[in-house]
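Peer 1:
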Ligand SMILES: C[S@@+](CC[C@H](N)C(=O)[O-])C[C@H]1O[C@@H](n2cnc3c(N)ncnc32)[C@H](O)[C@@H]1O
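Numbering (our numbering), first residue to last: 63 to 275.
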């Protein structure tokens with residue numbers, strides 16, 4: 063997703079990490095879940111897709127049009143996210159954020175891993191959490207994983223302050239990295255129609271499970 067902030071463009075799609083940079087802690091946690099229908103909101107380069115298709119027979123992968131349709135290295139193959147899913151995961155689909163308003167399926171489980179930290183715009187942050195709430199079944203659970211501390215955050219601190227973090231100018235242009243800690247995520251969720259079920263820290267990550275208020 064591209065964000066235009068004060069005349070600069072932030073290409074948040076570049077924040078996605080490949081599958082060989084999984085967090086073992088996040089992956090092990092995802093393995094403990096199961097659901098008939100699952101939406102992965104902000105799927106990136108499908109870092110956790112092999113785990114998600116093991117825990118649910120029907121997974122929808124959602125990200126921006128540019129992330130879904132650009133050619134890049136996905137799980138060792140030069141392809142697009144959309145093609146990779148079509149060719150490898152039967153009964154799964156992709157949806158773009160640009161089309162999310164028209165998407166009306168409801169999900170038992172929605173995962174959102176390290177996405178909120180890549181959104182430098184308050185309105186979009188609110189819209190994303192509202193869509194997650196709208197797309198969640200009445201008894202469904204949404205899971206948010208955010209890094210509350212990061213070893214490479216020091217680099218960002220040299221940049222200008224924005225929302226939960228900083229904007230940094232690097233070799234590939236501008237990027238944003240925000241630290242969404244336990245208090246910040248709980249506040250965002252409570253203001254957007256969620257009730258927090260459980261929230262805890264492990265390593266550099268905060269895990270938060272929430273359902274409808
Ligand atoms: C740091 S990556 C995380 C990707 C993946 N969840 C993971 O853990 O590897 C952040 C992702 O959020 C996506 N993103 C940013 N804004 C978004 C939005 N408004 N809707 C959906 N995805 C968004 C970016 O395109 C990027 O793929």
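Just so you know, even glycine gets a beta-carbon here, dropped at the ideal spot from N, CA and C.
Tell me, please, which residues DSSP counts as bridged to residue 179.
Peer 2: Bridge partners of residue 179: none, in fact.
Peer 1: Out of 222, 204, 183 and 74, which has the shortest C-alpha to C-alpha gap to residue 261?
Peer 2: Ranking the options by Cα distance to residue 261, first place goes to 204.
Peer 1: Kindly indicate the opening and closing residues of the beta strand (DSSP E) around residue 239.
Peer 2: 235-240
Peer 1: Report the partner residues of residue 256 according to the DSSP bridge assignment.
Peer 2: 274
Peer 1: Kindly indicate which residue of 244, 102, 255 and 117 has the alpha-carbon position closest to the one of residue 269.
Peer 2: 244
Peer 1: Is the beta carbon of residue 122 closer than 8 Å to that of residue 143?
Peer 2: No, the pair does not count as a contact, with Cβ atoms beyond the cut-off.
Peer 1: What residues match up with residue 231 in a beta bridge as DSSP calls it?
Peer 2: 236
Peer 1: Any heavy atom of ligand 3 within a distance shorter than 7 Å of the CB on residue 124?
Peer 2: What this structure holds is ligand 1, not ligand 3.
Peer 1: Is the beta carbon of residue 236 sitting closer than 8 Å to the one on residue 180?
Peer 2: no
Peer 1: Using a Cβ-Cβ cutoff of less than 7 Å, which residues in the same chain neighbour residue 222 once the five nearest sequence positions on both sides are dropped?
Peer 2: Here the set comprises 228 and 229.
Peer 1: Would you mind sorting residue 90 into buried or exposed? The rule is 16 or more other CB atoms within 10 Å of its CB.
Peer 2: exposed
Peer 1: Which same chain residues end up closer than 8 Å to residue 169 when comparing Cβ atoms and leaving out the 5 residues on each side of it in sequence?
Peer 2: If we look at residue 169 and ignore the five residues flanking it on each side, its Cβ neighbours are 97, 99, 100, 101, 122, 197, 198, 199 and 202.
Peer 1: The beta strand (DSSP E) with residue 122 in it runs from where to where?
Peer 2: From DSSP, the beta strand (DSSP E) with residue 122 extends over 120-125.
Peer 1: Contact defined as beta carbons within less than 8 Å: I believe residue 137 pairs with residue 108. What is the distance between those atoms, to the nearest angstrom?
Peer 2: Their Cβ separation, rounded to whole angstroms, is 6 Å, which keeps residue 137 and residue 108 in contact under 8 Å.
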